[in-house]
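Under this note's numbering, the first residue of the first sequence carries the number 476, and numbering increases by one thereafter.
For each residue, glycine too, the CB sits at the ideal point set by N, CA and C.
A short worksheet on the structure shown next.
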Amino acid sequence: MLMNAPRGTKDILPDGIGQWLYLEQKIREICGCYGYKEIRTPLFEHTELFQRGIGDTTDVVEKEMYTFTDRGGRSITLRPENTAAAVRAYLQNKLYAGTALTKLFYIGSMFRYDRPQAGRYREFHQFGVEALGEMNPAVDAEIIILAVRFLESLGLKDLSLSLNSVGCPQCRPVYRQRLQEFFKDKLSGLCEDCQSRYDRNPMRILDCKHEQCQQLSIGAPEITDCLCDECRDHFSRVQEYLRTAGISFQLDPRLVRGLDYYTKTAFEVKYAPLGAQSAVAGGGRYDGLVEEIGGSPTPAVGFAVGLERVLLALEQQQLLPALPDAVDVFVVALGENVQTAAFQLLMAMRSAGLSAQMDFAGRSMKAQMKQANKANARFVVILGEDEVREQAATLRNMQTSEQEKVTMKEIINKLCAEVKG
RNA sequence: GCGGUUGUGGUGAAGUGGUUAACACCCUGGAUUGUGGCUCCAGCAUGCGUGGGUUCGAUCCCCACCAAUCGCCCCA
């Protein structure tokens, strides 16, 4: 217990950090390219922000939040996603001032209390993008393209992009009513969950995985048939832009995002080989959220990518670049009397920009040589009492096994020349 | 919240109701005086997830808990 990280959390160890740095670098690269600026918001927020933003009846808010009362009696929640917080920061800091369109991205930990399984953790990492202030469907497209291109840039193939429109406050109620009419006499055949969904959010019945519910929902009206003129037009223009960009997608009238704030465009990128948790990215437009949180009506679009899932996929496909870590020089010191001189030399090498290591345990030469070998050292500098007396050291090339005596004065220059050449 | 599988050293793992818990890797030391990668030798779990119970006796049997893992719900 004491020695175990809490359930659903993981340490990222030195051996694994390279993957994360690589991912983050790719993220910053593409976001810079598309003109999105990084933002970092607190890991926790007032509980109310998520209740209002995400929606009281969503699973995330109902059963997955890490909520606690702080010492001041405030209800605080570890962020389960970053869109609501980004919008909060956008409003609080008036990021809308001076521009029509604010483009943000973030990378960070999110927290959801859920049973861990492949590709799902209680603390997990998302990369996400938000574009606030523009209703033009070109922005929807830009966002989707960014998500797809990002994943492609990592080498992933066979991604599938699903696209839908979930309507707006004008047309969604119409659809909702039509759905309820459709399911009215089928209600008793639906699973328990769906029976309660019938009242709360009938659209969710459509993507229920129960056989029965699937069967019963055959022939159900589709949202795309009920869209108002504005939503219909918006949707078709998004598709146009995507086609123009050469992005392939499938329309999925049953795609319903789990968070209440979505309007119009909803999309999801799947990577099938991942198994049960194959959704790698998801997002859409959320024109009502800014107002919900207390700002003036502001159209917005965004998405989030699950980084653990991406990493899982990259691992499966062996797409992670392996960076062999080598060290330029390993200093071998023979005997206590030369420790100080060796230490001095080590520091001088580092000051010169060389990567240098040495053994501090006072071990035998053989042991130190083994260590140098294991550390992948290109050169070994041997310092014994003779050398110190002569103000020199033995320089050994570990690849060729050639070695020569070099004076203290020239050794660093020589090494620098060798390493850089 | 529900279900399946699993839980032996740093790692991968064999194993038994009863003196010394295989084997491999890793690691550490050594194979004539200051030289690595190959080879050889030696060392390396008073302990078998935790807590109870059964028993003369349990790592091996039973129960609970915890954790890992996969799935359901939902999501990234």
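Own chain, CB closer than 6 Å to residue i, minus 5 neighbours either side, in chain order
| i | result |
| --- | --- |
| residue 619 | 742 |
| residue 729 | 681, 682 |
| residue 834 | 843, 846 |
| residue 831 | 804, 821, 824, 825 |
| residue 581 | 514, 557, 603 |
| residue 753 | 745, 746, 747 |
| residue 560 | 516, 520, 554 |
Distance between residue j and residue i (C-alpha atoms, nearest Å)
| i | j | result |
| --- | --- | --- |
| residue 596 | residue 506 | 26 Å |
| residue 802 | residue 854 | 8 Å |
| residue 546 | residue 540 | 19 Å |
| residue 599 | residue 513 | 19 Å |
| residue 759 | residue 481 | 32 Å |
| residue 757 | residue 479 | 32 Å |
| residue 877 | residue 500 | 39 Å |
| residue 891 | residue 570 | 48 Å |
| residue 627 | residue 673 | 38 Å |
| residue 712 | residue 800 | 49 Å |
| residue 881 | residue 836 | 25 Å |
| residue 538 | residue 585 | 15 Å |
| residue 726 | residue 774 | 23 Å |
| residue 671 | residue 755 | 28 Å |
| residue 866 | residue 883 | 6 Å |
| residue 815 | residue 798 | 33 Å |
| residue 777 | residue 612 | 12 Å |
| residue 653 | residue 676 | 12 Å |
| residue 871 | residue 808 | 13 Å |
Reference residue i; option with closest CA among the options
| i | options | result |
| --- | --- | --- |
| residue 591 | 561, 775, 783, 517 | 783 |
| residue 793 | 487, 494, 583 | 494 |
| residue 657 | 696, 822, 611 | 696 |
| residue 821 | 857, 789, 781, 740 | 857 |
| residue 875 | 852, 864, 503 | 852 |
| residue 502 | 755, 625, 483 | 625 |
| residue 535 | 554, 810, 785 | 554 |
| residue 498 | 781, 694, 511, 806 | 781 |
| residue 496 | 583, 808, 549 | 583 |
| residue 868 | 630, 589, 813 | 813 |
| residue 779 | 700, 622, 572, 751 | 622 |
Burial state of residue i, where buried means 16 or more other Cβ atoms lie within 10 Å
| i | result |
| --- | --- |
| residue 521 | exposed |
| residue 706 | buried |
| residue 679 | buried |
| residue 766 | exposed |
| residue 796 | exposed |
| residue 669 | buried |
| residue 517 | exposed |
| residue 617 | buried |
| residue 533 | buried |
| residue 602 | buried |
| residue 861 | exposed |
| residue 544 | exposed |
| residue 768 | buried |
| residue 688 | buried |
| residue 734 | buried |
| residue 762 | buried |
| residue 698 | buried |
| residue 849 | exposed |
Own chain, CB closer than 7 Å to residue i, minus 5 neighbours either side, in chain order
| i | result |
| --- | --- |
| residue 702 | 640, 642, 646, 710 |
| residue 511 | 578, 579, 580, 604 |
| residue 691 | 661, 664, 665 |
Nonlocal neighbours in the same chain, by C-beta distance under 8 Å from residue i, ignoring five residues either side
| i | result |
| --- | --- |
| residue 810 | 859, 860 |
| residue 791 | 748, 749 |
Meets three-Cβ-pair contact criterion under 8 Å: the region 822–833 and the region 884–892: Segments in contact, yes.
Do the region 528–535 and the region 632–641 make contact, defined as three or more Cβ pairs closer than 8 Å? In short, these stretches do not touch, since the Cβ pair count stays below three.
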